[in-house]
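Colleague: Residue numbers (UniProt numbering): 1 to 176.
Note that CB positions come from ideal geometry on N, CA and C, so glycine has one too.
Structure incoming, see below.
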């Protein structure tokens, strides 16, 4: 094997190939064979998953290996849709949800990254009157590389809270 190429619309996943080649100790001209190619793809896939791209896949399409080139294809998992579950309309409080798009680092059509989704969930849950959860589902449009994010959101209809505190933690020796 002389060269290994990857096919993807962006250089977003070059890090995975570089890491896999380094772990495999790949040298130009090295014979990989079926087991070696599968191991290389597994290493690259693990590198992608480690970065949070859990729905992205690395594949090797059928090809002529006599050329000395291996082409790997990266199928990035994308977010087809972000929707809010409104099955509990009285607790959903939709005026607050309209603002959540600014708090959520994932966008429709973007590459799905679990770390960004978790960060978005933490942003949404930062209010003490809110209960939120996220579910990642296969896309309803049937595309195998797309997922939809469903946000389950509940906020008290009166989003106020009151905290009272009393402390008498002083002592005679400290003058209090």
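Give every residue of the same chain whose Cβ lies closer than 6 Å to the Cβ of residue 85, excluding the five residues on either side of it in the sequence, and list them in chain order.
Modeller: For the purposes of this step, residue 85 is taken as the residue at position 85 of the chain shown. Answer for residue 85: 150, 152, listed in chain order.
Colleague: Tell me which same chain residues have a C-beta within less than 7 Å of the C-beta of residue 121, skipping the five on either side of it?
Modeller: Along the chain shown, one-based indexing puts residue 121 at 121. Correct list, in chain order: 132, 134.
Colleague: Classify residue 166: buried if its beta carbon has 16 or more other beta carbons within 10 angstroms, exposed otherwise.
Modeller: Numbered from 1 along the chain shown, position 166 holds the residue referred to as residue 166. It is exposed - the Cβ of residue 166 has fewer than 16 other Cβ atoms within 10 Å.
Colleague: Quick one: grab the DSSP three-state call for residue 143.
Modeller: Locating residue 143 in the chain shown gives position 143, where the first residue counts as 1. Coil at residue 143, not helix or strand.
Colleague: At the level of alpha carbons, what is the spacing between residue 115 and residue 61?
Modeller: Here residue 115 refers to the residue found at position 115 when the chain shown is read from its first residue. Here residue 61 refers to the residue found at position 61 when the chain shown is read from its first residue. C-alpha separation (whole angstroms): 29 Å.
Colleague: Under the rule that 16 or more other beta-carbon atoms within 10 Å means buried, what is residue 7, buried or exposed?
Modeller: As a first step, residue 7 is located in the chain shown; it is residue number 7 there, counting from the start. Since pLDDT at residue 7 reaches only 49, below the 50 mark, its modelled position is unreliable, and the value read off the structure follows with that caveat. Its Cβ having fewer than 16 others within 10 Å, residue 7 is exposed.
Colleague: Classify residue 48 as buried or exposed, calling it buried when 16 or more other Cβ atoms lie within 10 Å of its own Cβ.
Modeller: If you number the chain shown from 1, residue 48 lands on position 48. Buried, since its Cβ has 16 or more Cβ neighbours within 10 Å.
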